[in-house]
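J.:
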Amino acid sequence: MRRAFSVAMSAFCGSILLVGCGNGESISCQERSFGVFGICVPSGWNELSAEELREHGVPQEVMVVFQSQQIGGNIPTVLITQEMLVNDFDASSYSAENVESVKSLPEFEQLDKQNINIDGENIHLHVFAAQPAADEPKKRFYQVSSVSKGVGYTATAIVPLSIETGVEEEVLTMLLSLTFDMEK
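This note's numbering puts the first residue of the sequence shown at 9, with every later residue one more than the last.
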């Protein structure tokens with residue numbers, strides 16, 4: 009089930025070290041639509057082109073990747089993956105299954121799990137630490153998973169274990185704005 013997440017983590021964690029900083033200002037963002045989903049992208053975050061994704065060897069399951077400005081050689085990253093579901097999952101079950109599936113990552117440690125609501129569906133915002141690449145430091149992950157029209161979607165933010173409030177606010181703004189209700 010979580011092949012897309014595992015492959016995406018391998019593609020990114022082996023080559024990108026992430027860090028962030030914040031200044032405590034309110035988060036302004038621009039609503040962006042990607043056909044089947046929408047997300048609010050804070051200023052300073054840019055979408056990687058399909059060509060850039062191919063250059064990094066990012067698998068096809070990764071629909072979109074956003075990165076903030078490089079800070080001291082490090083780049084905060086949010087990626088959204090899709091997964092064609094073999095079994096019939098509702099959003100809540102898919103979210104719970106994905107919370108369980110990441111527990112097999114090396115050095116896994118659950119940091120937080122909150123119930124949230126996206127498009128009327130009760131799912132989890134799951135925050136955990138793991139070290140997917142042995143030659144990279146342990147990282148913090150923020151993750152939400154949901155289902156729309158038989159397809160599973162997971163939005164994951166990858167940041168350092170210790171992050172400043174501004175970066176955390178930006179990634180939470182993105183993850184909590186995820187929508188599949190494109191008629192809003």
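A virtual CB, placed ideally from N, CA and C, is assigned to each residue, including glycine. On a predicted model such as this, the values are computed, not experimentally measured, just so you know.
(1) Could you tell me whether the stretch 102-109 touches the stretch 69-79, where touching means 3 or more Cβ pairs closer than 8 Å?
(2) So is Glu-178 in contact with chain B if we call contact Cβ pairs under 8 Å?
(3) Kindly indicate which residue of Glu-39, Val-44, Ser-36 and Ile-35 has the alpha-carbon position closest to the one of Tyr-161.
(4) Taking DSSP as the reference, what is the three-state secondary structure of Ala-58?
(5) Look at Leu-186 and Ala-165 and say whether their C-beta atoms are less than 8 Å apart.
(6) Val-73 and Thr-85: beta carbons closer than 8 Å?
(7) Would you list, in sequence order, the uninterrupted beta strand (DSSP E) runs of no fewer than 3 residues that lie entirely inside the stretch 138-175?
(8) Taking C-alpha atoms, which residue in Glu-144, Ser-154, Leu-180 and Ala-138 lies nearest to Ser-100?
(9) Tell me whether Val-72 sits in a helix, a strand or coil according to DSSP, three-state version.
(10) Mapping the DSSP letters down to three states, classify Val-110 as helix, strand or coil.
(11) Roughly how many angstroms lie between the CA atoms of Ser-112 and Leu-119, to the nearest whole one?
(12) What does a CB cutoff of less than 7 Å around Leu-183 pick up in its chain, not counting 5 residues either side in sequence?
(13) Would you mind stating whether Pro-168 and Gln-139 have Cβ atoms separated by less than 8 Å?
(14) Less than 8 Å separating the beta-carbons of Glu-39 and Glu-69?
(15) Are the CB atoms of Met-190 and Ser-41 within a distance shorter than 8 Å?
(16) Locate the beta strand (DSSP E) running through Asp-120, then write down its first and last residues.
T.: Checking against the coordinates, here is how it stands:
(1) no
(2) The question asks about chain B, but that chain is absent: this structure has only one protein chain.
(3) Val-44
(4) helix
(5) no
(6) yes
(7) 147-156 and 159-168
(8) Ser-154
(9) strand
(10) helix
(11) 15 Å
(12) Leu-133, Tyr-150, Val-152, Ala-163 and Ala-165
(13) no
(14) no
(15) yes
(16) 117-126
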